[in-house]
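Working notes, structure below.
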Amino acid sequence: MRIAIYPGSFDPITNGHLDIIQRSSQVFDKLTVAVVKNHSKKPLFTMEERKGLIRKTINGLSNVEVDHFDGLLVDFVSAKGAQVIIKGLRAMSDFEYEFQMALLNRKLQPNVETMFMMTNHQYSYLSSSMVKEIAALGGSITDLVPEIIRQDILDKFRKV
Ligand code: PNS
Numbered sequence: 111m112r113i114a115i116y117p118g119s120f121d122p123i124t125n126g127h128l129d130i131i132q133r134s135s136q137v138f139d140k141l142t143v144a145v146v147k148n149h150s151k152k153p154l155f156t157m158e159e160r161k162g163l164i165r166k167t168i169n170g171l172s173n174v175e176v177d178h179f180d181g182l183l184v185d186f187v188s189a190k191g192a193q194v195i196i197k198g199l200r201a202m203s204d205f206e207y208e209f210q211m212a213l214l215n216r217k218l219q220p221n222v223e224t225m226f227m228m229t230n231h232q233y234s235y236l237s238s239s240m241v242k243e244i245a246a247l248g249g250s251i252t253d254l255v256p257e258i259i260r261q262d263i264l265d266k267f268r269k270v
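For the sequence shown, my numbering puts the final residue at 270, and the numbers step up evenly by one.
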């Protein structure tokens, strides 16, 4: 069974993430979306909120599950019995950081492959931090995040 892990902060999940999830779930038998417990970046959404928002959007994708991890990504990948890390690539600006992480992850765990999927061009400008900034400043996040969670995200900003 070919199992892939799609890791990230997902603070919150965007249409760009969902596009990568949908496309990679067709290539692998099983895909685990793995939410990192961030120590460096303080997330806006709690772990349970981030996982809940992902679960709402992946409804209908039977081979996709949501989990979280703390510590090294490659250790989580091995514990899951997975062989592949999936990463989405947007603009060239993603490349250097992703290249460094892919090489370091291979050094840490040579059996794990990192595979990159090019984002759909209409999402190449999209990021969770921009979604949060737009929502915080009262702009429209329609088409940026899955419609089913749009109100959940807006509600968060009403509370904070
Ligand atoms: O969505 P993000 O914030 O760009 O995701 C970054 C993530 C979670 C993929 C990266 O921070 C990560 O893998 N963290 C786990 C810790 C780890 O394994 N670090 C060594 C990477 S070489």
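Each residue gets a CB set at the ideal place from its N, CA and C atoms; glycine is no exception. No experiment lies behind these values; they were computed from the predicted model shown.
- If you measure from each CB to the nearest heavy atom of the ligand PNS, the residues under 6 Å come out as Pro117, Gly118, Ser119, Val146, Leu182, Leu183, Met211, Leu214, Asn215.
- Taking one beta carbon from each stretch, the stretch 257–267 and the stretch 223–233 have fewer than 3 pairs nearer than 8 Å; the two do not touch.
- By the CB criterion at 8 Å, Asn125 and Leu247 fall outside the cutoff.
- Contact check for Val143 against Ser119 fails: the beta carbons are separated by 8 Å or more.
- Judged by pairs of C-beta atoms under 8 Å, the stretch 233–247 touches the stretch 197–215, as three or more such pairs exist.
- Here the alpha carbon of Ile131 sits roughly 8 Å from the alpha carbon of Leu141.
- The C-beta of Arg160 has 16 or more other C-beta atoms within 10 Å across all chains shown, which makes the residue buried.
- If you draw a straight line from the Cα of Ile251 to the Cα of Pro153, it is about 19 Å long.
- For Gly162, there is no enclosing beta strand (DSSP E); the enclosing alpha helix (DSSP H) covers residues 157–167.
- By the neighbour-count definition (other C-beta atoms within 10 Å, threshold 16), Ser134 is a buried residue.
- Of the residues assessed, Val187 falls on the buried side of the cut-off, its CB having 16 or more other CB atoms within 10 angstroms.
- Using a Cβ-Cβ distance cut-off of 8 Å, the stretch 189–196 and the stretch 211–227 are in contact, since at least three pairs of beta carbons, one from each stretch, lie closer than that value.
- If one requires a minimum length of 3 residues, the beta strand (DSSP E) runs lying completely within the stretch 194–247 are 194–199, 223–228, in chain order.
- Contact between Phe138 and Arg112 holds: CB atoms are separated by about 5 Å, below the 8 Å threshold.
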